[in-house]
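Trainee: Chains as they are written, first to last, in our numbering: chain B, 1 to 262; chain D, 1 to 247.
This structure is in structure tokens; I'll ask about it shortly.
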């Protein structure tokens with residue numbers, strides 16, 4: 001047993017920390033997110049012990065959250081797969097426009113979530129007797145709300161992958177989770193400190209999950225809130241495309257497209 | 001003679017370092033140009049700019065009479081690229097890969113085109129095999145089949161026979177020569193294999209440190225320097241310029 005060799009291997013991983021910032025996410029990002037999600041959830045539970053539909057609220061939130069997460073991955077992980085298989089340059093030197101690439105990945109994401117959501121709804125019904133379709137017609141605008149925001153986040157992640165290459169791979173898996181504690185996914189906006197609420201209201205997810213809880217709680221669908229979700233989604237999507245265009249031009253200037261798969 | 005590639009005063013600077021420095025050349029239809037130089041000479045950056053995936057710092061590029069990268073999509077529909085360092089998705093079958101790229105290039109009747117190219121490049125036996133199960137020689141032929149899907153007017157090749165054994169490399173060269181003759185194809189090719197360049201290229205452009213040091217038919221270039229072969233010429237020029245830079 002050589003302490004020196006053990007030290008050498010430790011050093012090998014510490015060297016990575018020195019210049020590879022995504023490696024730090026394991027240390028801070030995930031533990032912090034876990035702490036926040038479960039901290040807020042516990043606060044919510046402590047305040048509302050008599051909530052009769054808690055299981056339904058949680059499962060409904062979980063399914064809608066998964067739509068958001070999968071649709072984001074539908075874009076950014078598909079891009080990563082082109083990097084891993086060293087196919088990116090073949091695509092870039094074909095007449096394919098990046099808008100076409102993004103559109104294809106958005107559609108692919110839709111196919112994936114159609115399958116995932118059906119499976120999750122069936123399992124939730126079979127195991128917990130929770131009928132996701134209790135949401136009725138409200139389901140569609142809420143689903144659109146999470147899908148479009150997922151597209152926007154997926155587009156930004158892809159833009160970052162273009163700029164930084166595979167070293168930013170962790171983002172493809174982790175960025176969506178940044179919105180979990182702050183998007184009022186598993187607990188209402190009222191759980192957050194009052195000073196934070198206006199800022200969280202700028203996230204479409206906050207309104208989607210608030211609307212979901214209102215509908216599952218027996219209330220109606222607030223048309224004003226739905227309109228606000230669509231406005232926010234449109235702003236984020238346009239912003240995401242703008243970020244992508246800037247990053248794409250920057251990648252061409254730096255020659256990053258030639259090296260994106262190295 | 002119709003000019004299909006026209007490069008004027010092309011410069012590309014990365015972080016203050018010129019990768020390509022004031023390079024000018026033109027290529028006419030049907031030429032087979034070997035674009036040579038040591039590692040870091042600026043070959044890949046130049047090809048990247050010709051293909052519109054790297055934007056020049058200054059200078060002008062016209063490919064098929066269209067300015068690049070402004071008309072990149074229009075141009076890219078009429079050219080193609082193959083490199084052993086770029087792969088087709090290895091979890092798809094050869095036929096699936098060629099079908100995907102047929103659609104990307106708007107090929108009419110993809111199944112027919114794939115059958116034609118499969119016969120031409122001898123890849124019929126493994127059309128339905130997963131790409132990762134192929135040998136490097138087979139992959140090189142599949143890559144070439146992909147590069148001919150859109151019947152390109154210009155073919156950009158980066159080290160076309162790297163990682164191939166001499167027999168497989170010879171087969172690839174033979175196929176390329178035949179396609180070039182039959183279709184009056186223009187080939188712009190980088191290679192470190194000087195024997196290959198002598199056999200394939202009608203003209204050689206030698207670059208070093210981002211500048212063109214020699215341009216002409218391989219035989220003339222070798223004769224002008226009093227060398228026995230292109231390989232000898234390459235080594236002497238690369239060392240000469242390196243020594244010059246070092247002293």
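Every residue, glycine too, gets a C-beta built ideally from N, C-alpha and C.
What is the rounded straight-line gap between the Cα of residue 136 of chain D and the Cα of residue 90 of chain D?
Mentor: On the second chain, residue 136 of chain D is found 136 positions in, with the first residue counted as 1. On the second chain, residue 90 of chain D is found 90 positions in, with the first residue counted as 1. Taking the straight line joining both Cα atoms gives about 12 Å.
Trainee: Cα-Cα, which of D/37, D/5, D/30 and D/7 is closest to residue 210 of chain D?
Mentor: Here residue 210 of chain D corresponds to residue number 210 of the second chain, with the count starting at 1. Nearest C-alpha to residue 210 of chain D: D/37.
Trainee: Per DSSP, which one or two residues make a beta bridge with residue 214 of chain D?
Mentor: If you number the second chain from 1, residue 214 of chain D lands on position 214. Paired residues: D/206.
Trainee: Closest to residue 150 of chain B by C-alpha separation, out of B/81, B/230, B/40 and B/47, would be which residue?
Mentor: By one-based count along the first chain, residue 150 of chain B stands at place 150. Looking at the Cα atoms, B/230 is the closest of the given residues.
Trainee: For residue 219 of chain B, which of helix, strand or coil comes out of DSSP?
Mentor: Along the first chain, one-based indexing puts residue 219 of chain B at 219. Residue 219 of chain B falls in the coil class under three-state DSSP.
Trainee: Chain B partners of residue 69 of chain D, CB-CB under 8 Å?
Mentor: By 1-based counting over the second chain, the position of residue 69 of chain D is 69. Neighbours of residue 69 of chain D in chain B, taken as residues whose beta carbon is under 8 Å from its own, are 252 in chain order.
Trainee: Can you tell me whether residue 246 of chain D is buried or exposed, with buried defined as 16 or more other CB within 10 angstroms of its CB?
Mentor: Within the second chain, numbered from 1, the residue matching residue 246 of chain D stands at position 246. Interpretation of residue 246 of chain D is limited by its pLDDT of 45, a score under 50 that renders its predicted location unreliable; the figure taken from the coordinates is listed afterwards. Exposed, by the Cβ-count rule.
Trainee: Among the candidates D/23, D/84 and D/28, whose CA atom is the shortest distance from the CA of residue 56 of chain D?
Mentor: Reading the second chain from its first residue, position 56 is the one you call residue 56 of chain D. Nearest C-alpha to residue 56 of chain D among D/23, D/84 and D/28: D/23.
Trainee: Thinking C-beta only, is residue 156 of chain D closer than 9 Å to residue 179 of chain D?
Mentor: As a working mapping, residue 179 of chain D is identified with position 179 in the second chain. As a working mapping, residue 156 of chain D is identified with position 156 in the second chain. Not a contact, by the Cβ cut-off of 9 Å.
Trainee: Residues of chain D with a CB under 8 Å from the CB of residue 97 of chain B: which are they?
Mentor: Here residue 97 of chain B refers to the residue found at position 97 of the first chain. What residue 97 of chain B touches in chain D: 73.
Trainee: Give the straight-line distance between the Cα atoms of residue 242 of chain B and residue 115 of chain D, rounded to the nearest whole angstrom.
Mentor: Working through the first chain from its first residue, we reach residue 242 of chain B at position 242. Working through the second chain from its first residue, we reach residue 115 of chain D at position 115. Distance from the CA atom of residue 242 of chain B to the CA atom of residue 115 of chain D, rounded to whole angstroms, is 42 Å.
Trainee: Please return the same chain residues whose Cβ sits closer than 6 Å to the Cβ of residue 112 of chain D, not counting the five positions on each side in sequence.
Mentor: As a working mapping, residue 112 of chain D is identified with position 112 in the second chain. Cβ within range, chain order: n/a, list empty.
Trainee: Is the number of C-beta pairs between the segment 94 to 112 of chain B and the segment 68 to 86 of chain D that are closer than 8 Å three or more?
Mentor: yes
Trainee: Using 10 angstroms around the beta-carbon of residue 132 of chain D, count the other beta-carbons present and answer buried if the total reaches 16, otherwise exposed.
Mentor: Here residue 132 of chain D refers to the residue found at position 132 of the second chain. Exposed.
Trainee: So that I know if they touch, is there some Cβ in chain B lying closer than 9 Å to that of residue 3 of chain D?
Mentor: Position 3 of the second chain, counted from the first residue, corresponds to residue 3 of chain D. Judged by the 9 Å Cβ criterion, residue 3 of chain D is not in contact with chain B.
Trainee: Check whether chain B comes within 9 Å of residue 146 of chain D, counting only Cβ atoms and requiring the distance to be less than that.
Mentor: What you label residue 146 of chain D is simply residue 146 of the second chain in a count that begins at 1. Closer than 9 Å to some Cβ of chain B, the Cβ of residue 146 of chain D qualifies, so yes.
Trainee: Under a Cβ-count criterion, where at least 16 other Cβ atoms within 10 Å of its own Cβ denotes burial, should residue 15 of chain B be classed as buried or exposed?
Mentor: For the purposes of this step, residue 15 of chain B is taken as the residue at position 15 of the first chain. The residue in question, residue 15 of chain B, is exposed, as its Cβ has fewer than 16 Cβ neighbours within 10 Å.
Trainee: Are residue 172 of chain D and residue 33 of chain D closer than 9 Å when you measure CB to CB?
Mentor: Counted from its first residue, the second chain places residue 172 of chain D at position 172. Counted from its first residue, the second chain places residue 33 of chain D at position 33. Contact flag unset, no.
Trainee: List, in chain order, every chain B residue whose beta-carbon is nearer than 8 Å to that of residue 48 of chain D.
Mentor: By 1-based counting over the second chain, the position of residue 48 of chain D is 48. Under the 8 Å cutoff, chain B gives 255, 257 and 258.
Trainee: Indicate the three-state DSSP secondary structure (helix, strand or coil) for residue 123 of chain D in the structure shown.
Mentor: The residue given as residue 123 of chain D occupies position 123 in the second chain. It is coil, neither helix nor strand.
Trainee: State the Cα-Cα distance for the pair residue 190 of chain B and residue 19 of chain D, rounded to the nearest angstrom.
Mentor: Taking the first chain and counting its residues from 1, the one referred to as residue 190 of chain B is at position 190. Taking the second chain and counting its residues from 1, the one referred to as residue 19 of chain D is at position 19. Computed Cα separation, rounded: 57 Å.
Trainee: Enumerated in chain order, which unbroken segments of the alpha helix (DSSP H) with a length of 4 residues or greater are wholly contained in the segment 188 to 258 of chain B?
Mentor: For the segment 188 to 258 of chain B, whole alpha helix (DSSP H) runs of length 4 or above, ordered along the chain, are 197 to 200, 204 to 216 and 223 to 254.
Trainee: In the DSSP assignment, find the beta strand (DSSP E) that holds residue 68 of chain D and state where it starts and stops.
Mentor: What you label residue 68 of chain D is simply residue 68 of the second chain in a count that begins at 1. Note, residue 68 of chain D: beta strand (DSSP E), 66 to 68.
Trainee: Using a Cβ-Cβ cut-off of less than 7 Å, list which residues of the segment 81 to 92 of chain B approach chain D; keep chain order.
Mentor: Residues 85, 86, 87, 89, 90 and 92.
Trainee: Check residue 227 of chain D in the structure and name its three-state DSSP category.
Mentor: Working through the second chain from its first residue, we reach residue 227 of chain D at position 227. Reduced to three states, the DSSP call for residue 227 of chain D is coil.
Trainee: Of the choices D/169, D/10, D/200 and D/45, whose alpha-carbon is the least far from that of residue 177 of chain D?
Mentor: On the second chain, residue 177 of chain D is found 177 positions in, with the first residue counted as 1. With distances taken between Cα atoms, residue 177 of chain D lies closest to D/200.
Trainee: Is DSSP giving residue 89 of chain D helix, strand or coil here?
Mentor: What you label residue 89 of chain D is simply residue 89 of the second chain in a count that begins at 1. In the structure shown, residue 89 of chain D sits in coil (DSSP, three-state: anything other than H, G, I, E or B).
Trainee: Is any beta-carbon of chain B found at less than 9 Å from that of residue 236 of chain D?
Mentor: Taking the first residue of the second chain as position 1, residue 236 of chain D is located at position 236. No, because no Cβ of chain B sits closer than 9 Å to the Cβ of residue 236 of chain D.
Trainee: What did DSSP end up calling residue 62 of chain B once you bin it into helix, strand or coil?
Mentor: Within the first chain, residue 62 of chain B is the residue found at index 62, counting from 1. Three-state DSSP puts residue 62 of chain B in a helix.
Trainee: Using 9 Å as the limit for Cβ to Cβ distance, is residue 76 of chain B near chain D?
Mentor: Stepping through the first chain from its first residue, residue 76 of chain B is reached at position 76. Not one chain D Cβ lies under 9 Å of residue 76 of chain B.
Trainee: Let me know the secondary structure DSSP gives residue 18 of chain D once reduced to three states.
Mentor: To locate residue 18 of chain D, count along the second chain from 1; it is residue 18. If DSSP states are grouped into helix, strand and coil, residue 18 of chain D belongs with the strands.
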